[in-house]
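*Asks:* Below: one structure in structure tokens.
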Amino acid sequence: MIVAGIVGAEVAFWVVLGLALATRYLLRRRRASTVLLWALPLVDLALLGFVVADLASGAEPTQSHALAASYLGFTVAFGRPLVRWADARFAHRFAGGPPVVKPAKGSAAYVRGLWVEWFRVVFAAGIAVVVLAFLALVVRQEPIPASLDQAGPNPLWSQMLTLGIVVTVWFLAGPAFTRRTVHAS
Numbered sequence: 257m258i259v260a261g262i263v264g265a266e267v268a269f270w271v272v273l274g275l276a277l278a279t280r281y282l283l284r285r286r287r288a289s290t291v292l293l294w295a296l297p298l299v300d301l302a303l304l305g306f307v308v309a310d311l312a313s314g315a316e317p318t319q320s321h322a323l324a325a326s327y328l329g330f331t332v333a334f335g336r337p338l339v340r341w342a343d344a345r346f347a348h349r350f351a352g353g354p355p356v357v358k359p360a361k362g363s364a365a366y367v368r369g370l371w372v373e374w375f376r377v378v379f380a381a382g383i384a385v386v387v388l389a390f391l392a393l394v395v396r397q398e399p400i401p402a403s404l405d406q407a408g409p410n411p412l413w414s415q416m417l418t419l420g421i422v423v424t425v426w427f428l429a430g431p432a433f434t435r436r437t438v439h440a441s
């Protein structure tokens, strides 16, 4: 049931975003488009409400609940850049906007982009950890585990460990070993 909520939130995000961009560029209704864009966080709030209601009604925490918390963290951290990304492409395709230019690999802008992206991952993981702790402590009254052995069996607490691994791998695969290429003139 929770997985369906996550999938529904993802679909709703893209539908609302698509409607907002179509309203802005095809119908030329900027104010209505802005209202639709401001509705995007409501999708996240609806998912959070759904998860809290499920756990409050007595459901045992599952990996799906933990995944929902992680999804919320990543949509909050990456939502705005994703909207900008889609807006630039939609404007180019349907409204004569400039083409999207990607920074050259190894350029200062490219390296900076990797670091910004990684900091967003850290922010997303932080948000997810706060949501997971909220779900574990407030809704389920789960005690804070004293060791990794105690955290492992609980899907909410073990997801926090998984997020730490995701942040580390993202760092190693992204900005850790990327260097700026100096071009000779």
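The sequence shown maps to residues 257 to 441 in our numbering. Note that beta-carbon positions come from the ideal geometry of N, C-alpha and C, so glycine has one too. In this text the structure is predicted, and so the values were computed from the model without any measurement.
#1: Taking one C-beta from the segment 313 to 331 and one from the segment 257 to 275 each time, how about it: are there three or more such pairs within less than 8 Å?
#2: Can you tell me whether R280 is buried or exposed, with buried defined as 16 or more other CB within 10 angstroms of its CB?
#3: Given a threshold of 16 other Cβ atoms within 10 Å of its Cβ, counted over all protein chains shown, does V386 qualify as buried or as exposed?
#4: Tell me the start and end of each unbroken alpha helix (DSSP H) in the segment 304 to 380 that is at least 4 residues and wholly inside, in chain order.
#5: Answer yes or no: do A265 and L311 have a C-beta to C-beta separation smaller than 8 Å?
#6: Apart from the five residues on each side of it in sequence, which residues of its chain come closer than 8 Å, Cβ to Cβ, to A364?
#7: Using the C-alpha atoms, what's the distance from A384 back to V395?
#8: Which residue from A325, L293, E316 puts its Cα closest to that of G305?
*Replies:* Let me spell this out:
#1: yes
#2: buried
#3: exposed
#4: 319 to 351
#5: no
#6: R436
#7: 15 Å
#8: A325
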